[in-house]
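Q:
Numbering (this note's numbering), first residue to last: 14 to 395.
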């Protein structure tokens with residue numbers, strides 16, 4: 014037998030047992046390698062214990078109907094306030110629209126007809142009122158004429174009594190006594206009181222004539238511009254103006270609740286427009302991390318399924334008091350998390366170009382420290 018041939022009859026079995034024994038003896042080393050790999054993963058992801066969850070938010074403008082009616086299509090030729098290509102007239106989701114554009118038109122034919130009828134009624138009522146005022150002026154003029162005649166009669170009686178009084182004073186002590194003179198003076202005073210009352214009545218009647226003439230002139234002027242003559246016309250005009258609906262902010266159409274041809278009631282939503290403004294991250298930061306935070310601090314935003322890529326964000330506002338919410342991530346039922354609501358904005362310059370799907374309403378992961386990087390190990394997680 015050659016010297017290279019093992020003398021042990023069960024050489025292969027012995028070698029297999031020795032290999033198993035070596036594995037058992039090296040088992041603690043494998044455990045430590047696993048712990049090290051876990052540590053590398055935690056370092057790469059930044060450590061889950063340093064992360065908080067947040068929501069991407071953007072202001073949404075809800076376009077609602079102010080009046081009840083049927084939505085009309087927006088004609089491209091007439092509606093020059095829309096984009097030049099007229100695409101927005103289709104009211105499609107994802108279309109961008111500038112601020113102060115016509116985004117909806119409600120049928121206002123019935124309102125216009127009602128306003129025309131109200132105008133005719135207003136003109137008729139004004140004409141009828143003018144006739145009544147003219148009749149009043151005629152009555153007042155006749156009354157003034159009668160008062161003028163009465164004034165003349167009373168004045169002539171006063172003049173006659175004054176002559177009698179003068180003759181009585183000449184004959185005083187001869188044929189007339191002091192009592193006779195007093196009687197004549199009393200009649201004169203009575204007649205002068207009557208004359209004063211007639212003159213006051215004439216003055217007030219003349220004032221009524223002037224006021225009636227002024228009212229007639231005012232009604233005549235309002236007949237030329239009946240839209241401003243009563244509250245009903247003003248209300249109907251406001252409803253006509255409300256039939257044209259504009260958006261206050263520029264942005265993208267998100268949801269379309271009602272399309273041309275459908276009937277909407279006052280207050281019903283027509284569409285939502287996601288306002289073109291910087292995105293905001295709103296997150297509940299636990300008490301131990303948020304107490305020392307201040308406006309201007311930097312945080313790091315990632316998504317749960319992509320821990321390698323992140324964008325920076327800046328704290329723009331902090332809740333001034335602590336609040337608590339249920340800790341849904343804890344296995345302990347009823348456990349609460351105390352913290353502050355924090356808003357982050359000014360996302361990193363690569364926000365719009367980033368592959369992170371930071372869409373409004375999506376969940377993100379907020380980290381107060383940047384995730385770790387080990388370049389020579391990055392190929393393990395590619």
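Every residue gets a Cβ at the ideal spot worked out from N, C-alpha and C, and that includes glycine.
Could you check if residue 225 is buried or exposed, using at least 16 other CB atoms within 10 Å of its CB as the buried criterion?
A: When all chains shown are included, residue 225 counts as buried.
Q: Please state the DSSP three-state secondary structure of residue 337.
A: Three-state DSSP puts residue 337 in a strand.
Q: What are the boundary residues of the alpha helix (DSSP H) that includes residue 154?
A: From DSSP, the alpha helix (DSSP H) with residue 154 extends over 122-183.
Q: Pull up the distance between the alpha-carbon of residue 62 and that of residue 313, whole angstroms please.
A: With a pLDDT of 44 at residue 62, under the threshold of 50, the modelled position of this residue cannot be trusted; read the value that follows with caution. Approximately 14 Å between the Cα atoms of the pair.
Q: Assign residue 281 to one of three DSSP states: helix, strand, or coil.
A: DSSP places residue 281 in coil when its eight states are reduced to three.
Q: Would you mind reading off the limits of the alpha helix (DSSP H) that contains residue 303?
A: From DSSP, the alpha helix (DSSP H) with residue 303 extends over 300-303.
Q: Return helix, strand or coil for residue 231, following the three-state DSSP convention.
A: Three-state result, residue 231: helix.
Q: For residue 357, count neighbouring Cβ atoms within 10 angstroms of its own Cβ and tell me buried if that reaches 16, exposed if not.
A: Buried, since its Cβ has 16 or more Cβ neighbours within 10 Å.
Q: Are there 16 or more other CB atoms within 10 angstroms of the CB of residue 172, so buried, or fewer, so exposed?
A: Classification of residue 172: exposed, given that the 10 Å Cβ count is below 16.
Q: Mind checking residue 50: buried by the 16 CB within 10 Å criterion, or exposed?
A: Result: exposed.
Q: Could you spell out where the beta strand (DSSP E) holding residue 380 opens and where it closes?
A: That run of the beta strand (DSSP E) goes 376-380.
Q: For my contact list, residue 266 and residue 286 are in at a C-beta cut-off of 8 Å; report their separation, rounded to the angstrom.
A: Between residue 286 and residue 266 the Cβ distance is about 6 Å, and since that is below 8 Å, they are a contact.
Q: Quick one: what's got a C-beta closer than 8 Å to residue 261's C-beta in the same chain, skipping five residues either side?
A: These residues qualify, in order along the chain: 74, 112, 113.
Q: Classify residue 330 as helix, strand or coil using the three-state DSSP reduction.
A: It is a strand residue.
Q: Do residue 150 and residue 218 have their CB atoms nearer than 7 Å?
A: No. Outside cutoff.
Q: What is the residue span of the alpha helix (DSSP H) that residue 254 lies within?
A: It spans 244-255 - the alpha helix (DSSP H) in which residue 254 sits, taken as one unbroken run.
Q: Going by DSSP, what residues sit across from residue 105 in a beta bridge?
A: None; residue 105 has no bridge partner.
Q: For residue 229, count the other beta carbons within 10 Å of its own beta carbon; 16 or more makes it buried, fewer makes it exposed. Which is it?
A: The residue in question, residue 229, is buried, as its Cβ has 16 or more Cβ neighbours within 10 Å.
Q: Let's see if you can read the secondary structure: which residues bound the beta strand (DSSP E) around residue 111?
A: Careful: residue 111 lies outside any beta strand (DSSP E) and carries neither H nor E.
Q: So residue 78 is in the beta strand (DSSP E); what residue range does that whole segment cover?
A: Residue 78 -> no beta strand (DSSP E), and no H or E assigned at all.
Q: In whole angstroms, what separates the C-alpha of residue 268 from that of residue 284?
A: Each residue's Cα considered, the two are about 5 Å apart.
Q: Quick check on DSSP: helix, strand or coil for residue 353?
A: Residue 353 falls in the strand class under three-state DSSP.
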